[in-house]
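There are 2 protein chains.
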Amino acid sequence: MLITRASEYAILSLIVLSKANSPMDSETLSRELSISKSFLAKILQALAKSNILKSYKGVNGGFSLALHPREINMLNVMSSVEGKAPAVFDCAPSINNCPSEKANICSIWPFLNKLQGKIDTFLADLTLADILEE
Amino acid sequence: MLITRASEYAILSLIVLSKANSPMDSETLSRELSISKSFLAKILQALAKSNILKSYKGVNGGFSLALHPREINMLNVMSSVEGKAPAVFDCAPSINNCPSEKANICSIWPFLNKLQGKIDTFLADLTLADILEE
DNA sequence: CCATCAGGAGGCTATTATGGCTTTAGATTC
DNA sequence: GAATCTAAAGCCATAATAGCCTCCTGATGG
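Here the protein sequences come in this chain order: A and B. Here this note's numbering is used: the first residue of the first sequence is 1, the next is one more, and so on. Here this note's numbering is used: the first residue of the second sequence is 1001, the next is one more, and so on.
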């Protein structure tokens, strides 16, 4: 939820994978990045499920980009990795159910939506290619 | 670090406070938002320390905006609330010390900086007024 | 003054995120 | 087909976050 370490690791991985010309396995990647192998593996699996990465089992297997960097945007990456909501601001529990209850909160709902929209747009416009270029 | 619930609560509070014409105390605010009073109190205190909010003790005390909504940007809010680094992506531990060790990682350092810069710019340009208007 | 109200600060608990470990399954090579 | 490699998926431990409670301090109003 929000932006966690998992998002960060996902982006780090994508940057490294974009430079590799053959699949990298999670162990190698975790050593390169000096981060937890098992946690990273879960993140890579999530990205594979969302078709951002392709996974290859067996000898010389690993993960590689499934899309051109220009097709990979940060909103997709983060929402894949953070499982549930694609929301950066998923709001306090009661706020999610706003329309029905807690009239006090309903009044700020439009503003939250607006903020969420701005953030989503920014993240959706930010592609891996933008980070890699130059 | 990264973006936590504290950032979210801070923004929710700022939206509500911007609509109030007198100081609101943390208990009222926490009820309005249906979030933890004591956690919220710490967040409000952090915002007060950064001079984003003004705090008033005693009867009819509470918190109110110390600045015009146009002067309050999300980068300031988040970095105030998240204490340490103003970084959205503060990167894996070893990556922070990059220049000296872990040559493997140094190669992706520039890309991370670039990403961080883009996010910071976006957040710094996003003011409370932007969220409130319309 | 004195009582009361609300912020400030800290410790303690519960929840969630992070990371470790093991087993299962698919793919490759021989 | 057997052996080996690596992803996939689970369960469990630890660390960080979110939330709770109490006491203290400064301000206000009588």
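C-beta atoms are modelled at their ideal positions from N, C-alpha and C, and glycine is treated no differently.
Sequence-distant residues of the same chain with beta carbon closer than 7 Å to residue i, five excluded per side
| i | result |
| --- | --- |
| A:Leu12 | Leu33 |
| B:Ser1030 | Ser1036, Lys1037, Leu1040 |
Cβ distance (whole Å) where residue i is taken to contact residue j below 8 Å
| i | j | result |
| --- | --- | --- |
| A:Ala20 | A:Ser64 | 7 Å |
| B:Ser1080 | B:Ser1050 | 4 Å |
Residue i - partner residues in DSSP beta bridges
| i | result |
| --- | --- |
| A:Ser38 | Per DSSP, none; premise fails for A:Ser38. |
| B:Lys1054 | B:Ser1064 |
| B:Ile1003 | A:Ile3 |
| A:Met24 | A:Phe63 |
| B:Thr1121 | Paired residue(s): none; B:Thr1121 is not in a bridge. |
| B:Asn993 | What the structure shows of chain B is the stretch from 1001 to 1134, and residue 993 of chain B is not part of that stretch, so it cannot be assessed. |
Cβ neighbours of residue i in the same chain (closer than 6 Å, five flanking residues each side left out)
| i | result |
| --- | --- |
| A:Ser107 | none |
| A:Ala129 | Pro69, Arg70 |
| B:Ser1007 | Met1078, Val1081 |
| B:Ala1048 | Ser1055 |
| B:Ala1046 | Ser1080, Val1081 |
Test item: CB-CB of residue i and residue j under 8 Å
| i | j | result |
| --- | --- | --- |
| B:Ile1043 | B:Leu1132 | no |
| A:Leu2 | B:Thr1121 | no |
| B:Met1078 | B:Leu1123 | yes |
| A:Gly58 | A:Asp25 | no |
| B:Leu1075 | B:Ala1066 | no |
| B:Asn1073 | B:Pro1023 | no |
Cβ-based neighbour list, residue i, same chain, cut-off 8 Å, excluding 5 preceding and 5 following
| i | result |
| --- | --- |
| A:Thr28 | Gly62 |
| B:Leu1017 | Met1024, Leu1029, Leu1053, Phe1063, Ser1064, Leu1065 |
| A:Lys114 | none |
Give the residues from the segment 14–44 of chain A that approach chain B closer than 7 Å (Cβ to any Cβ), ordered along the chain. Ile15, Val16, Glu32, Leu33, Ser34, Ile35
Residues within the segment 105–126 of chain A neighbouring chain B, beta-carbon criterion of under 7 Å: Ile105, Ile108, Phe111, Lys114, Leu115, Lys118, Phe122, Leu126
Using a Cβ-Cβ cutoff of 8 Å, what residues of the segment 66–78 of chain A are near chain B? List them in chain order. none
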